[in-house]
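Protein chains: 2
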Amino acid sequence: MAAATAGSACVTIVGFVDSEPGRLFNAAAVCAGGRVRGVYRKRLLPNYSVFDEQRYFAAGTEPLMLWGVAGVDVGITVCEDAWVDDGPVARLGEGGADLVVNINASPFHIAKVLERERNLIRRAAESGCPQVYVNLVGGQDELVFDGASMIVDASGQVIHRLVSFAPELSVVDLEVQSRQPTTLPVVELSTQSAASAQPVLAPHSAPMLPETAEVYEALVLGTRDYVAKNGFTDVVVGLSGGVDSTLVAAVAVDALGPDHVHGVAMPSRYSSEHSLSDAAELATRLGIDFRTVPIEAGHAAMLNMLSESFGDAELGLTGENLQSRLRAVVLMALSNQFGWLVLTTSNKSESAVGYSTLYGDSAGGLAVIKDVPKLLVYRLCRHRNDVAAAAGAVPPIPGSVLDKPPSAELRPDQRDDQSLPAYEVLDPLLEAYVEGDTSIADLINDGHDPAVTGRIVALVDRAEYKRRQSPPGLRVTTKAFGKDRRLPITNAYRG
Amino acid sequence: MAAATAGSACVTIVGFVDSEPGRLFNAAAVCAGGRVRGVYRKRLLPNYSVFDEQRYFAAGTEPLMLWGVAGVDVGITVCEDAWVDDGPVARLGEGGADLVVNINASPFHIAKVLERERNLIRRAAESGCPQVYVNLVGGQDELVFDGASMIVDASGQVIHRLVSFAPELSVVDLEVQSRQPTTLPVVELSTQSAASAQPVLAPHSAPMLPETAEVYEALVLGTRDYVAKNGFTDVVVGLSGGVDSTLVAAVAVDALGPDHVHGVAMPSRYSSEHSLSDAAELATRLGIDFRTVPIEAGHAAMLNMLSESFGDAELGLTGENLQSRLRAVVLMALSNQFGWLVLTTSNKSESAVGYSTLYGDSAGGLAVIKDVPKLLVYRLCRHRNDVAAAAGAVPPIPGSVLDKPPSAELRPDQRDDQSLPAYEVLDPLLEAYVEGDTSIADLINDGHDPAVTGRIVALVDRAEYKRRQSPPGLRVTTKAFGKDRRLPITNAYRG
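Each protein sequence line maps, in turn, to chains A and B.
When you line the first sequence up against the working numbering, it's residues 66 to 560, in that order.
When you line the second sequence up against the working numbering, it's residues 66 to 560, in that order.
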């Protein structure tokens, strides 16, 4: 990348891992005139949430400096450096920076763009100069980097936004006040303006996405990149006719195209007629491959195999889990034979309380909606239909999928609300306990029913062993199960 | 615990989480005369290997002090504080400490006791006083805390060892040189010697365990505590007649007693006669419950269910994985119905190269030998038989289990060495790559075959997705898969 700057007035800033014996640094290389002219080493290393940087990197401690580009003295920082008050950006401003560039691999969560914007406005105020915020785009396991790069001027106005969830090249002309003299050393990189030598793209600002739309786009990008970057082209989804598998199939089609998505209905003796017809209707509307593999023969054979051990005992949960696991065996066999990645359809509400079967419905390669609570699953489905309707297309999700009460259909007439409170009660409680780290006492003070709170907290705590073995899933909230929330399984603390 | 020191000359040091608004500290409370007399906050917070302390704790920065106990000025440190040269222990020595007590939650790995001993000898030399090292005993998810507390005198001699892998109370009389004056402040806790008021236990030193014995004991303690602390009494193990499930069953019996271990043979159409007879013979020798659940009926039913999708295609690996997954379905059904925890029997060599079936043989609640390479599995089996023979008992492990070539028996005449190099080649390569972080170039320089090295490294890299969903397993090496080795699944780097 440095070589590509030869013969051009362009200065390139590129993130890389810098090293010296025994130490690594999260760093930015400053490239001009065909070579690396200098390096900035990240000073603030996040070690919270999904970040483990203090495990791997040493903090940069070199004196700050500025980089002269066509008469503008540019300060450079990396990600976290711009997230603290009175930190490196303030020092660069004091030292005479005319402009600060901040390069990022900043993962998405709901409304993160607004958080970044608030931060940049504070940085502009304390440094007195424009802030150029550049962010990675793409999926990496559980994280989705959403791009949404932006420029905030010295007065704190957002003057340019790039798109979210897609790469974009943008050339922006900025009004920059040159502030002399500087007290920081300046490395002169270029005295010529690149703008005069190259055509300038007309600046245009991308709109900020509403919350539901941004989550949907995050799921699409995260799914597309997880599948492609891991060498897959096709995915398979078990279609139950329920809202979770429906959303996952719709996301998969938007991520990969209908030709690369395979739906499988696996009715059991307890499945309703409408489950199968809703699944088939969804597949038709999405235009995907669809097959039906009834699990009755395997179910009966396994019960017979186990009859000597079980005798006449009621099977209860054992029988329910058995069906769920046989479906996973079917999906994994299709995966093994045809090279399709299994998309898991468990949502965050289920995963939180352990309302899923280990090696059953929680099995698969990527858990697309693992961090999406049930009520948001519904909102995302409606959003997808609204998008279709607005474009004059047939809404992909059948209305009956959205209207019927949620059920696992693992015993006759089963409904989620026989085991769990209504999702209108459950989801806010889970958000407060899981994402908010709220104690039981505070949850009750905040108006949650004491008995429900005690029961749900106990379920969440007890289900840690299931979550430990769950597939990676796309993170869309401030705290996903996984690297965000590291709890022991063996744990006598409660609440 | 502080209250229990009332009316006694005893001073108690107990680890706890200290806090102030917005910050937590890993701390030791010093209790005497019925109350907490002071607190030492850990200064050095490990953030490598299995440790994440910088995520949760702030480092203690208060001035060091000493605690006067019956005329002896005692310095107190916590764990990592004693693992660095010229650190807190050296400062305590300079300040006049007559004795340093170091409290620990230090997890076991092979030969860790010797590492601790070397550290304490350096601490004694630089501080000029005896070192009392006290360590936790017990299992906590993947970690086994082995106890093995010890005292090193001022000359660097280990003068007392407590047992490994079991709690022990020991009262030891020490020759302590009082060094006056001290330059650190001293809090006088007690002027009376406790020794004069209470009978002194005769000091005795426990022997250090040889490597194979200490690993075996770690597996037994880790299994016992994981099972009991998570509310289980009984476990179930799939017995294939192979060496891995044999070792796991033997460990389980030593951890829980034969009445709490249930063995299940699940022969398929490809299982050999000797597999079933070896499993039955093992169960008889161990005195455990044993049942046979042939999987043929389920196997045939599933193949039939999938025949429309598969047509006449050769199933190959798909068919092998199917059998393995049906066995997991059987074990999980027994677990659900009877409340038995499933013990997983995958070893570290298999887990490293992905020679296992996701949701099949890698499924279960605790992977007892997940961090035990195959050759060590054999050594542990022989060790267990030697212990029995030395005690005049029948060796629990049939000789035929140890003598036959390893096979997954998922197709006719299958043997591990058709897919993998001999374990004598594989295990050292895996140790160098996984535990030693050795690059491909260095592996080849060190004499590993280039083609084998490239192939095995690629297998290890590619199997990350399987390991991500594997159950917790007991850590016995310096680097276990899990918290020790955090790699992305989506990863284009190789070797």
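Every residue, glycine too, gets a C-beta built ideally from N, C-alpha and C.
Note that the structure is a prediction, hence the values are computed from the model and not measured.
Count the other CB atoms within 10 Å of the CB of Ser411 of chain A; is the residue buried (16 or more) or exposed (fewer)?
-> On the first sequence, residue 411 of chain A is found 346 positions in, with the first residue counted as 1. Looking at its Cβ environment, which holds 16 or more other Cβ atoms inside 10 Å, Ser411 of chain A is buried.
Do we get a CB-CB distance below 8 angstroms when we pair Gln205 of chain B with the residues of chain A?
-> Residue 205 of chain B sits at position 140 when you count from the first residue of the second sequence. For Gln205 of chain B, the answer is yes, since a Cβ of chain A falls inside 8 angstroms of its Cβ.
Quick one: which unbroken alpha helix (DSSP H) runs of 4-plus residues sit fully inside the stretch 498–554 of chain A? Chain order, please.
-> 505–510, 515–527, 529–533
Return helix, strand or coil for Gln205 of chain B, following the three-state DSSP convention.
-> Counting from one through the second sequence, the residue named residue 205 of chain B turns up at place 140. Strand.
May I ask you to list the residues that DSSP assigns as paired with Gly212 of chain A?
-> Counting from 1 along the first sequence, the entry for residue 212 of chain A is found at position 147. DSSP output for Gly212 of chain A lists A:Ser229 as bridge partner(s).
Count the other CB atoms, across all protein chains shown, that sit within 10 Å of the CB of Val292 of chain B; report buried if there are 16 or more and exposed otherwise.
-> Here residue 292 of chain B refers to the residue found at position 227 of the second sequence. That one is buried.
Contacting residues, own chain, Cβ-Cβ under 7 angstroms from Gly419 of chain A (five flanking each side not counted) = Taking the first residue of the first sequence as position 1, residue 419 of chain A is located at position 354. Taken in chain order, the residues that qualify are Leu524, Arg527, Ala528, Lys531.
Terminal residues of the beta strand (DSSP E) in which Ser416 of chain A lies = As a first step, residue 416 of chain A must be located in the first sequence, where it is residue number 351. First-last for Ser416 of chain A: 413–418, but that is the alpha helix (DSSP H), not the beta strand (DSSP E).
Simplified DSSP state of Asn200 of chain A, which is helix, strand or coil = Counted from its first residue, the first sequence places residue 200 of chain A at position 135. Here Asn200 of chain A sits in strand by DSSP.
Quick one: which chain B residues come within Cβ less than 7 angstroms of Pro232 of chain A?
-> If you number the first sequence from 1, residue 232 of chain A lands on position 167. Within chain B, no residue comes near Pro232 of chain A; the closest Cβ sits about 17 angstroms away, beyond 7 angstroms.
Rounded to a whole number of angstroms, what is the C-alpha to C-alpha distance between Leu62 of chain B and Glu385 of chain B?
-> There is no way to answer for residue 62 of chain B, as the model of chain B reaches only from 66 to 560.
Per DSSP, the bridge partner or partners of Leu164 of chain B | Locating residue 164 of chain B in the second sequence gives position 99, counting from the first residue. Answer is B:Val139.
Looking at chain A, which residues of the stretch 375–387 of chain B have a Cβ within less than 8 angstroms of any of its Cβ atoms?
-> Phe375, Ala378, Leu380, Leu382, Thr383, Asn386, Leu387
So what does Ile78 of chain A bridge to, in DSSP terms?
-> As a working mapping, residue 78 of chain A is identified with position 13 in the first sequence. In DSSP, Ile78 of chain A forms a bridge with A:Val95.
Report all residues from its chain with a CB closer than 7 angstroms to the CB of Leu321 of chain A; omit the five preceding and five following residues, and keep chain order.
-> Here residue 321 of chain A refers to the residue found at position 256 of the first sequence. Excluding sequence neighbours, Leu321 of chain A sits near Arg289, Val292, Val300.
Residues from the stretch 438–458 of chain A in contact with chain E, defined by Cβ distance under 8 angstroms | Although the question refers to chain E, the structure presented lacks it and instead comprises the protein chains A and B.
Contact belief for Arg165 of chain B with Gly125 of chain B at Cβ below 8 angstroms, rounded distance in angstroms | As a first step, residue 165 of chain B is located in the second sequence; it is residue number 100 there, counting from the start. As a first step, residue 125 of chain B is located in the second sequence; it is residue number 60 there, counting from the start. For the sequence presented, residue 165 of chain B should be read as Val rather than Arg. Rounded, the Cβ-Cβ distance is 16 angstroms, inconsistent with contact.
Can the beta-carbon of Leu408 of chain A be found closer than 8 angstroms to that of Val280 of chain A?
-> Working through the first sequence from its first residue, we reach residue 408 of chain A at position 343. Working through the first sequence from its first residue, we reach residue 280 of chain A at position 215. With contacts defined by Cβ atoms closer than 8 angstroms, Leu408 of chain A and Val280 of chain A do not form a contacting pair.
Classify Pro477 of chain B as buried or exposed, calling it buried when 16 or more other Cβ atoms lie within 10 Å of its own Cβ.
-> Reading the second sequence from its first residue, position 412 is the one you call residue 477 of chain B. Exposed is the call here.
Could you confirm whether any beta carbon from chain A is found closer than 8 angstroms to the beta carbon of Leu341 of chain B?
-> The residue you call residue 341 of chain B lines up with position 276 of the second sequence. For Leu341 of chain B, the answer is no, since every Cβ of chain A falls outside 8 angstroms of its Cβ.
Provide the residue(s) that pair with Thr357 of chain B in DSSP beta bridges, ordered along the chain.
-> Against the second sequence, residue 357 of chain B aligns to sequence position 292. DSSP lists B:Ala330 as partners of Thr357 of chain B.
Reduced DSSP secondary structure (H/G/I, E/B, other) of Ala176 of chain B | Along the second sequence, read from residue 1 onward, the residue named residue 176 of chain B stands at position 111. Note: Ala176 of chain B maps to coil in three-state DSSP.
Can you round the beta-carbon distance between Val433 of chain B and Gly538 of chain B to whole angstroms, since I take them to be within the 8 angstroms contact cut?
-> In the second sequence, residue 433 of chain B corresponds to position 368, counting from 1. In the second sequence, residue 538 of chain B corresponds to position 473, counting from 1. Confirmed, about 7 angstroms.
Nearest-angstrom beta carbon gap, Arg390 of chain A and Met331 of chain A [assumed within contact, 8 angstroms] | Numbered from 1 along the first sequence, position 266 holds the residue referred to as residue 331 of chain A. Numbered from 1 along the first sequence, position 325 holds the residue referred to as residue 390 of chain A. At roughly 11 angstroms, the Cβ-Cβ gap does not stay under 8 angstroms, so Met331 of chain A and Arg390 of chain A are not in contact.
Scan the stretch 377–461 of chain B and note each continuous alpha helix (DSSP H) run of 4 residues or more that stays entirely inside, going in chain order.
-> 382–403, 413–418, 439–455
Since Phe561 of chain A contacts Gly404 of chain A with CB under 8 angstroms, what's their CB separation in whole angstroms?
-> The displayed coordinates of chain A run from 66 to 560. Any statement about residue 561 of chain A would go beyond what the structure contains.
Interface residues of chain A facing Thr555 of chain B [CB-CB closer than 7 angstroms] | Within the second sequence, numbered from 1, the residue matching residue 555 of chain B stands at position 490. In chain order: Gln205, Asp206, Tyr291, Lys294, Asn295.
Rounded to a whole number of angstroms, what is the C-alpha to C-alpha distance between Leu26 of chain B and Ala362 of chain B?
-> What the structure shows of chain B is the stretch from 66 to 560, and residue 26 of chain B is not part of that stretch, so it cannot be assessed.
Mind pulling the chain B residues with CB within less than 9 angstroms of Gln196 of chain A?
-> Here residue 196 of chain A refers to the residue found at position 131 when the first sequence is read from its first residue. Going along chain B, no residue has its Cβ under 9 angstroms from Gln196 of chain A, so there is no contact; the nearest lies around 28 angstroms.
Residue range of the unbroken beta strand (DSSP E) whose run includes Ser6 of chain A = Past the edges of chain A, shown from 66 to 560, lies residue 6 of chain A, and the structure says nothing about it.
How many Å lie between Met66 of chain B and Glu85 of chain B at the Cα?
-> To locate residue 66 of chain B, count along the second sequence from 1; it is residue 1. To locate residue 85 of chain B, count along the second sequence from 1; it is residue 20. One C-alpha to the other measures close to 21 angstroms.
For Asp569 of chain B, which of helix, strand or coil comes out of DSSP?
-> Not covered by the structure: residue 569 of chain B. The range shown for chain B is 66 to 560.
Taking Cβ positions only, does Pro537 of chain B come closer than 8 angstroms to chain A?
-> The count along the second sequence starts at 1 and reaches residue 537 of chain B at position 472. It does; some Cβ of chain A falls within 8 angstroms.
Between which two residues does the alpha helix (DSSP H) containing Arg106 of chain A stretch?
-> Taking the first residue of the first sequence as position 1, residue 106 of chain A is located at position 41. Counting along the chain, Arg106 of chain A falls outside any alpha helix (DSSP H), though it belongs to the beta strand (DSSP E) covering 100–106.
So the beta strand (DSSP E) Leu485 of chain A belongs to, where does it begin and stop?
-> Taking the first sequence and counting its residues from 1, one reaches residue 485 of chain A at position 420. No beta strand (DSSP E) holds Leu485 of chain A; DSSP gives it neither H nor E.
Using three-state DSSP, classify Asn112 of chain B as helix, strand or coil.
-> Your numbering for residue 112 of chain B matches position 47 in the second sequence. The answer is coil: DSSP assigns Asn112 of chain B none of H, G, I, E or B.
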